[in-house]
Each structure stands twice: as structure tokens, then as C-alpha cells.
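Structure first, commentary second.
Protein chains in written order, with my numbering: chain A, 763 to 979; chain B, 763 to 979.
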């Protein structure tokens, strides 16, 4: 199968990259700059793709930032620290981010005459991110089958997996975790305090996999 | 109702702008630069919005052009001339254009806490543009209702109307047709020969409405 992977350079999508490669997919990686505070993640995406010899392209959507300027990732709110709760995680929602990223990836897949677009939504995202819910993805799947005479499938094999499952799977597949980037603050090192760093740390602990990440705190 | 209109500055979406305004909508207009050869249309969109006192914003997606570089609007093919047939009109397809535009407009509508996104797909588009078919729009409607905790509706009141119907309706609503832009070649004047100019001319003739467009040929 020939697939375009929506690839942020984070832990989840890097595990997906290794998973699809292991399953024999011909891959292209698509990074998306939507003006996120932590666009540093895209450097990880480019570097890991390069090491695997997989073509990586970046879609520059930074011009959308003024239209999507709410919350902590693209707006003026502070990135929440500590374990996510419903309210703090909601601050990290970027309006309609997944439909925007999927639609661009589908467009590229059509241009390439590829079969599918893959993205790394996982079960830990569902309660807060509405655009990671299975029923959302199902409606986009239908749209992707109809949007062109060349239909495109949406692959989201991790939608029922936890982040802990992904760390275990990544360890088996030889994912270079130290090269991946999760922190929403986007500094030199992982802050160790934001909700995403907290989740990352915990997933390694629960999975019983050594965490190679350098945290500032 | 508060609605974001996907607004190209062309005939169809200008009629929709006047139609929604007449129906009492509070509106924002969104132009999309996706690297189209005829991005001159966006000047019409800005000017007509300004005259109506409606806020107009442009989403700069020109960086996507390398990913969507097929066909005549964003790729290297020549813009087809004469009356469209199936094959020539297919050359004017931009991969997944409507899902990309709708997803960005939905994102902006969520940021504004608006109710709806409107776009001007009409019946003449269906046979060739897969992403103007009612079943495509229905799947995006479902996605738009699920992509955020704030659901957004998709309005496409012209989906069963012909371009001739739109010219008649626009004439009733006082649409300044001379300010709108259709030509896919994007020169100084409408070329009068490309498929879109041919359709525009014919729609005025069939509607019995004087055509104020200056055509080069």
C-alpha cells in the first residue's frame, strides 16, 4: 500500500511511521506548520524521515494562524502545566486542526495517486479532542472516498490504543524516542511540566520502557 | 444566523453573498489563495466585500501548491478552451480543493463561535467535480458537526440550482456582476474562451440578463 503519513515528529506519529514501514507501506511524510508554538517538532519530523530515507514534505499553513487564534497552541493562552484535566486540555485544542491536516494530506495523496492517508489519533485523545473521536474520523473517511474520482482511505490503526501501548510498540520497532518531540512549549529541551510532557513521562513509566528524554524539570 | 462564506469573488459565490445578506445573516467572507493561476479573483472578492461593509479575510494556502500540482489551475496543464466536456473540465480539478477550503472555513467559524459555513456549489458542477456532489457535502456536514464541541453547519443552498438560475437570482438581488471574476486564465480581462468564460456567457444568455462582462474574445 502507498500511504501519506501526517507526521508531526512526536512520539505517536513516529511510532506510526515505524509501524507502517514495518508493514511494508511505501510512505511519504507530511509535516504541517499551522503556526504552532512548538513548531520545533517539525525539525524532529524532518530528521527522523531523513534517517529512514522517507520523503518528507512540509505544508506551510502558518498563514492560517490569525484565523485559528484561540487556545494555547496558536493563541495567547499559556500552555497548561501538570496532568491534563478536561479544562486545561481543552486549552490545547486548535480549531478543526485534524480536518485541515487530513484534507491537505488527502489532496497530496490524490496528486500522488496514493491509496491512503494515515494519522496517529489514539484512545487517550478521545475524551478531550473531538476531532480524534472514531465517529469524526468515520465521517472524514466517507468524505475522502467521495472527494475525488480517485478515492483515498484513512488509516488510524492506533485509535483504540493508549499512549502506553504506543511506547511498548515503539520499543519493539526500534523507534528512536530520543529524537521525537512532544513538548507544547517548544523550547530547547522538553519542559517536563506541560500536559504533554507529563503524559509522555507517564507512558514510559507505565510501559516499563526507559525514557531517554531530557526534561528541563 | 452567523455564517462564514467561502468567497472566491466569482459569480456563484457573489450571488450567495447577496443571497445570505438578504436573508439577514451576519457574515464574514473567506477568500482562499491555493496558488491558483487566477488568484486575481481574490481582488474581486476583497473589493465586493468592502463595498458591502462585510469583513473579508484571505487564507494564504499558496504554500500547498507543490503538493497539489496537477491539472490546469495549479499545475502545468493549459487551461482548456471552449465548452467543457468531461475530459477538459477534469483538467480544472484541484485535488481535494473543497475539503481543504471547507475545513479552513470551519476552523475560522469555530474560532468566531459562528453557526455555519456557506459555499456556492451548484448543480452544474456535479457531473465533473466530485467534491461538489451532494453526497460529498453530506459527509463533510457530519464531520463539521463532530470536529469540535461547538458544532458548525454547512450551508449550500444552490446545490440544486443551475448557473442560469444563479444569474437570474443575482439580477434580482442587485449583484454587481461586472465586478465578479470567473476566468481561469486570470488575465486583465475575461478571456471569453476558457470553459468558465463559456459557461458564464451562456448563463447570462439563457437567463435573459444583460452580460456586463468585458471579454477579450
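A virtual CB, placed ideally from N, CA and C, is assigned to each residue, including glycine.
Listed as beta-bridge partners of residue 821 of chain B by DSSP are B:794. Listed along chain B, the residues sitting closer than 8 Å to residue 819 of chain A by beta-carbon distance are 828 and 829. Counting along the chain, residue 880 of chain A sits inside the beta strand (DSSP E) bounded by residues 878-880. Only residues of its own chain outside the window of five on either side were considered, and among them 779, 783, 789, 790 and 791 have a CB closer than 8 Å to the CB of residue 816 of chain B, listed in chain order.
The criterion of a C-beta distance shorter than 9 Å is satisfied by residue 914 of chain A and residue 871 of chain A. Note on residue 934 of chain B: under 16 other CB atoms within 10 angstroms of its CB, so exposed under the neighbour-count rule.
When Cβ-Cβ separations below 9 Å define contact, residue 802 of chain A makes no contact with chain B. For residue 770 of chain A, the three-state secondary structure derived from DSSP is coil. Collapsing the DSSP output to three states places residue 977 of chain A in a strand. Around the beta carbon of residue 771 of chain B, a 10 Å sphere encloses 16 or more other beta carbons of the protein chains shown; the residue is thus reported as buried. Looking only at A:805, A:908, A:763 and A:945, the smallest Cα-Cα distance to residue 786 of chain A is reached by A:763. For a cut-off of 8 Å, the C-beta gap from residue 945 of chain B to residue 800 of chain B is around 6 Å, short enough to register as a contact. Per the DSSP secondary-structure output, residue 916 of chain A pairs in a beta bridge with A:879. Within chain A, not a single residue places a beta-carbon under 8 Å from that of residue 789 of chain B; the smallest gap is close to 15 Å.
Beta-bridge annotation (DSSP): residue 956 of chain A is paired with A:843. Counting C-beta pairs with one atom in each stretch, the region 907-923 of chain A and the region 863-883 of chain A have three or more that are closer than 8 Å, which means they touch.
Buried is the label assigned to residue 903 of chain B, since at least 16 other Cβ atoms lie within 10 Å of its Cβ. Non-local C-beta neighbours of residue 959 of chain A in its own chain, meaning closer than 6 Å and more than five positions away in sequence, comprise 945, 952 and 953, ordered along the chain.
Within 8 Å of the CB of residue 909 of chain A, the CB atoms of chain B belong to 858, 860, 861, 892, 893 and 898, in sequence order along the chain. Between the C-alpha atoms of residue 937 of chain A and residue 826 of chain A there is a straight-line separation of about 32 Å. Going by DSSP, residue 932 of chain A is part of the alpha helix (DSSP H) stretching over 925-935. Judged by beta-carbon spacing, residue 961 of chain B lies within the 9 Å limit of residue 886 of chain B, meaning their Cβ atoms are closer than that value.
Residue environment: residue 892 of chain A is assigned as buried (16 or more neighbouring CB atoms within 10 Å of its CB, all protein chains considered). The beta-carbon of residue 870 of chain B is placed less than 9 Å from the nearest beta-carbon of chain A. Assigned with DSSP and collapsed to three states, residue 788 of chain B falls in strand.
Beyond the five residues adjoining it in sequence on each side, residue 819 of chain B comes within less than 8 Å, by CB distance, of 790, 791, 792, 793 and 870 in the same chain, given in chain order. Within 10 angstroms of the beta-carbon of residue 857 of chain B lie 16 or more other beta-carbons, which makes it buried. Close to residue 773 of chain B, with beta-carbon spacing below 9 Å, lies no residue of chain A; the smallest spacing is near 24 Å. As DSSP reads the structure, residue 764 of chain A sits in a beta bridge with A:788.
Annotated as distal: residue 829 of chain A and residue 939 of chain A, with beta-carbon spacing of 9 Å or more. With 16 or more other Cβ atoms from the protein chains shown falling within 10 Å of its own Cβ, residue 930 of chain A counts as buried.
Spatial neighbours of residue 864 of chain A in its own chain (CB-CB distance under 8 Å, excluding positions within 5 residues in sequence) are listed in chain order as 768, 879, 881, 902, 906 and 916. At the C-beta level, residue 875 of chain A and residue 912 of chain A come within 9 Å of one another. Within its own chain, the residues whose Cβ lies closer than 8 Å to the Cβ of residue 979 of chain B, once the five positions on either side in sequence are excluded, are 953, 954 and 955, listed in chain order. Scanning its chain for C-beta atoms nearer than 8 Å, with the 5 sequence neighbours on each side dropped, one finds around residue 965 of chain A the residues 773, 924, 925, 926, 928 and 929, in chain order. Counting the other Cβ atoms within 10 Å of the Cβ of residue 813 of chain B gives fewer than 16, which makes it exposed.
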